[in-house]
Structure formats: structure tokens, C-alpha cells
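Here's the structure, in C-alpha cells; my notes come after.
Protein chains: 2
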Amino acid sequence: MNTTSRAAAPRRLPPEQRERSIVDGAIALARESGLEALTLRAVAAKVGVTPALVAHYRPVMEAFVAEVFTAIVAAERDEVIASYDPALDLRANLLRLIETLLDDARDDVAMVWVQSWALGVRNEALAARVRAEMDLWQTALEELISGALAETSGAGVDAASSAWMLLAMVDGMSAHSLVRWAPRDRAALARRTLAAVLDVSAETTAAPAGIDR
Amino acid sequence: MNTTSRAAAPRRLPPEQRERSIVDGAIALARESGLEALTLRAVAAKVGVTPALVAHYRPVMEAFVAEVFTAIVAAERDEVIASYDPALDLRANLLRLIETLLDDARDDVAMVWVQSWALGVRNEALAARVRAEMDLWQTALEELISGALAETSGAGVDAASSAWMLLAMVDGMSAHSLVRWAPRDRAALARRTLAAVLDVSAETTAAPAGIDR
DNA sequence: TCGACTATTGAACAGGTGATCAACAGGTGC
DNA sequence: GCACCTGTTGATCACCTGTTCAATAGTCGA
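Here the protein sequences come in this chain order: A and B.
For our numbering, count along the first sequence from 1 and bump the result up by 179.
For our numbering, count along the second sequence from 1 and bump the result up by 179.
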């Protein structure tokens, strides 16, 4: 009932099925305990097989870590981006997006990201995947932002660098949350973050909850 | 001429001197290769002594890592804060500060920070030190920012949350730099970052324009 | 039913980690 | 010059890591 959550799998599975089982187990493990917890033996225990079998399906652990990273963050990105609500304007959607990314419930993915930057220093395969995923985030955000700027009167604001700043800010806050260093009101911070990035006066939203001063 | 940069130390040293030698070696090693490289044997090799001697002076490695972290980032903070130039106004000083923090030359300290967040998940002693250092940064920045806001017309901007955002943004960019994901012009980004945090129109040069909505 | 194919295992390897401790040896005081 | 004190070492422990490979055993087709 702890780490060995999955019962020992049936003795012999078709390769595709076993492979999926191992990859899924690794993804679940990384979500729970971070990318650093992805050891051959830990994955094997999680899935209920021998370390040698994990090594059989994923011979190079470094590459496996990179693969798991991509699977996790790509899924998250798809999910977050897909939660776009056409009924709302772009600015409201952006705010929702930031709130989602800063949500405590996403601390598992935050841990994966932070560890990916640290591990990327010595795992170049991982670093390349990290850059690719960040490019995708940057592109997606830039698109949303330039749309939001067009809605409001955001002339003179560079959407690309806004996206860059937004990513940096969200990622920085994620990193901080790993050591539990966070401000009291994350929602207020999300609004302030958006305002800062879109370079508008702090209180645009007519403040249903005044941010304070 | 490589990692064993220091010649083997004289056979027997007074404890304070030996201790300092070991701590200094560990700090140098962490700067070069990150906190994760701080192993008993690596530090010993760096200083030119036996692993057992390192363990003798620092019996618990986890605590030693936390200590080295504090030494490195506290020194950096002191240095950066001390480079305040009274001849310039506060905003200019803030800009210089951001530029300094984003400078490539500080990638070593950036690596220490990012690894500290990742390691802090499992090293609570380290996490506590990290929070303490971040508090000090936050306080120092908040002071500078509130001063800058008083100089210019920064009414309505909350200095505390500005400091928070600035830290997040700088830290996020540091994390990104570890996997070499960075924009071309860091100086321009520093200006844009400052403008965003102080909540002023994006292009202070071009559009001193009215902040609309 | 039996053979072939192959998924899976157990065991071992070489290398890494932090930590411990009896024994050695340099320096100082007598 | 000798003895004590203690800084320092070498060896060893238990445990971790990824990787390899011969041997086992499940399953399917003939």
C-alpha cells in the first residue's frame, strides 16, 4: 500500500503492454517523488518487476529520465492550454492560466521542472528536451499574449518578451514553492503577475479583491 | 592542475586552519560543479586530505551542504547589495542590480540556487537555510524598490510584491540558463523586467505614454 | 503434445555514496 | 630525549547506483 502500489504484474506480458506498464509506472513515480527518484530499482519496484526488466526495455537510464520528463510536462501543457475558455476574453484566460500554474495542486509538476533544470546540467539529452518543451510553452504563451494585447490597447508591448518574463516568473515561483517559500495569497499574486507582464496598471480588474498597497 | 588544484596540505595543521581549508575547498568545489558535487570524497580530493578527515570536521554531509550553500549565497548577496552606487538614483541602481544578477558570469551561483531548491525537497536543513536567504533578499529588494517608487511616481504599487516578483523572475531566468535557454539580449530583458516590476510603461524610452486600460 | 521463441529473472559486476574507528604519526610540553 | 596529546589516516562497513548476461519459464504455433 505504499510505493509498491501496483500488484505484481502477471508473469508474462506482450512487450508493448509491459513497456507501457513500465513507462506509466515511471511517470507516476516521477510525479510522486521527482525525477531524481527515477532509479532502475525504484521503477522496477513500482511496477512490480525486476530491475533487469526495466533495463531491458529502457537500456539507458539517462534517456529514460528525459523521456519521462517530456511525457509529464507535455501532458500538463496540453491540459493547461486546452482549458482555454472561448467564452472569456484572452486576458481572463491568461489569468486563469497563471492561477492554474501557480496552484499548489501542481507542485508535483513544479518539482519535475525544477529538477529538470538541475539535472539538465549533466544530462544533455534531458537538457535538450527541456529546451524543446520551454520553446513550446513560450510559443503558446506568446500567442495568447499577443491576442490579449490586441484586445486591450497594448500597443508598444512586445509579446515575445512578455511570454519570456511570464515563464520566468512562474518558473521562479515554482522553484520557490519547492522549499515552501511562498506568499500568503497566490491568487492576488497571479493578478499582479499578469498586470506586470502585460504592463498595465496594477488594478485593471477593478479589483473584486483589492490587492492592497 | 585539474580538480586537485591545491597541493597536498602539510601533514598536520591546527584545527581551525584545517577546518577553514576544508570549508574553503568545499565552497570552491560547489562554485565550480554545483552543490550536488559536494561529496565527502570530492571535497577531500579537492583539499588534498582523506575523506575521513572531512568527515571528522563535518560529520553530517547534509548539514555541510547547507552550510556551504549559505556561505556562497550570503557572500554573493553582500557583494551585490554593497555595489549600490549612491551617485545614481534608486531606479538606476536597481537596473544595475538586475543586470548583475542576470550576468552570465554568475552562472555558478545560479546553479547553486537552482540545485538548492531541488535538494531542499529532501534536505530540510538546506531548505531552512534557503528560505532564510530568500527572506534576506526579499527584504533588501523591497527596501530598494520602495525607495525607487518614492523617487518616481510609483503610487499604488506594492513594494513587497514587487520584490517578490523580481526575485521570482530573476530566479526563473537563472533556472532557464542552466539548460542554456535564454533570450539573446539579456540587458534589454533586464530593463523590461524592471519596468514590469515597477509597473511602468514598457518602453520608458519610447512611450512615456499614459497607462490606459 | 511438444518444440521454439522470447519475456523475464537472478546474480553478478564495477563504481559510487556517507559513516565509523582503531591505529598511526606529527607537534608540544616536560 | 621522551611521552603525551591529538590531527590524520587506512580500512571497512552497509547501502546505493546502472549495466550485463546466462539461465529460466511462460506462451504460442505446429
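The beta carbon of each residue, even a glycine, is placed where N, CA and C say it ideally should be.
These numbers come from a predicted model, not from an experiment.
Cβ neighbour criterion (16 or more within 10 Å) applied to residue i
i: residue 196 of chain A; result: exposed
i: residue 237 of chain A; result: buried
i: residue 239 of chain B; result: exposed
i: residue 194 of chain B; result: exposed
i: residue 266 of chain A; result: exposed
i: residue 312 of chain B; result: buried
i: residue 367 of chain B; result: exposed
i: residue 377 of chain A; result: buried
i: residue 389 of chain A; result: Legend: pLDDT at residue 389 of chain A = 35, less than 50; position of this residue unreliable, value from coordinates given subsequently. By the neighbour-count rule (16 or more Cβ atoms within 10 Å), residue 389 of chain A is not buried but exposed.
i: residue 283 of chain B; result: exposed
i: residue 337 of chain B; result: buried
7 Å Cβ shell around residue i - same chain, five flanking residues per side excluded
i: residue 222 of chain A; result: 201, 204, 205, 208, 233
i: residue 269 of chain B; result: 323, 326, 327, 330
i: residue 304 of chain A; result: 241, 242, 245
i: residue 356 of chain B; result: 286, 289
i: residue 255 of chain B; result: 288
i: residue 352 of chain B; result: 281
i: residue 362 of chain B; result: 368
i: residue 299 of chain A; result: 305, 306, 309
i: residue 198 of chain B; result: 236
i: residue 257 of chain A; result: none
Beta-carbon proximity check, residue i vs residue j, cutoff 9 Å
i: residue 309 of chain A; j: residue 358 of chain B; result: yes
i: residue 347 of chain A; j: residue 296 of chain B; result: no
i: residue 260 of chain A; j: residue 373 of chain A; result: no
i: residue 248 of chain B; j: residue 219 of chain B; result: no
i: residue 375 of chain B; j: residue 369 of chain A; result: no
Spatial neighbours of residue i in its chain, beta-carbon cut-off 6 Å, leaving aside the 5 residues before and after
i: residue 263 of chain A; result: 272
i: residue 365 of chain A; result: 281
i: residue 184 of chain A; result: Residue confidence is low: residue 184 of chain A scores 47 on pLDDT, short of 50, so the model does not pin down where it sits. Its coordinate-derived value is still stated next. Hits under 6 Å: none found.
i: residue 339 of chain A; result: 321
i: residue 349 of chain B; result: 280
i: residue 230 of chain A; result: 219, 220, 223
i: residue 294 of chain B; result: 213, 214, 215
i: residue 190 of chain B; result: none
i: residue 302 of chain B; result: 241
i: residue 252 of chain A; result: 312
i: residue 360 of chain A; result: none
Residues of its chain near residue i, where Cβ-Cβ distance is below 8 Å and the 5 sequence neighbours each way are ignored
i: residue 211 of chain A; result: 287
i: residue 216 of chain B; result: 208, 209
i: residue 279 of chain B; result: 259, 262, 285
i: residue 250 of chain A; result: 202, 206
i: residue 275 of chain B; result: 262, 264, 267
i: residue 192 of chain A; result: 200
heavy atom of the ligand GDP below 8 Å from residue i C-beta
i: residue 352 of chain A; result: Within the structure as shown, the ligand GDP is missing, as the structure has no ligands at all.
Determine, using beta-carbon pairs with one atom in the region 312-322 of chain A and one in the region 340-360 of chain A, whether at least three such pairs fall under 8 Å.
Judged by Cβ distances under 8 Å, the region 312-322 of chain A makes contact with the region 340-360 of chain A, as three or more pairs qualify.
Members of the region 318-332 of chain B near chain A, C-beta cut-off 9 Å
Residues passing the 9 Å Cβ filter: none.
Give the residues from the region 360-375 of chain A that approach chain B closer than 8 Å (Cβ to any Cβ), ordered along the chain.
Look at the region 360-375 of chain A: the residues with a C-beta under 8 Å from a C-beta of chain B are 360, 362, 367, 368, 371, 372, 374, 375.
Listed from N- to C-terminal order along the chain, which residues in the region 285-307 of chain B have their beta-carbon within a distance smaller than 7 Å of any beta-carbon of chain A?
Answer set for the region 285-307 of chain B: 290, 293, 294, 296, 297, 299, 300, 306.
Residues of the region 212-231 of chain A with Cβ closer than 8 Å to any Cβ of chain B, in chain order
Listed in sequence order: 213, 215.
To be precise: take each residue of the region 231-259 of chain B, compare its Cβ to all Cβ atoms of chain A, and keep it if any distance is under 7 Å. Which residues remain?
Listed by position, the residues of the region 231-259 of chain B near chain A (Cβ gap below 7 Å) amount to none.
Under 7 Å (Cβ pairs) to chain A, residues found in the region 258-278 of chain B:
Contact annotation: in the region 258-278 of chain B, no residue has its CB less than 7 Å from a CB in chain A.
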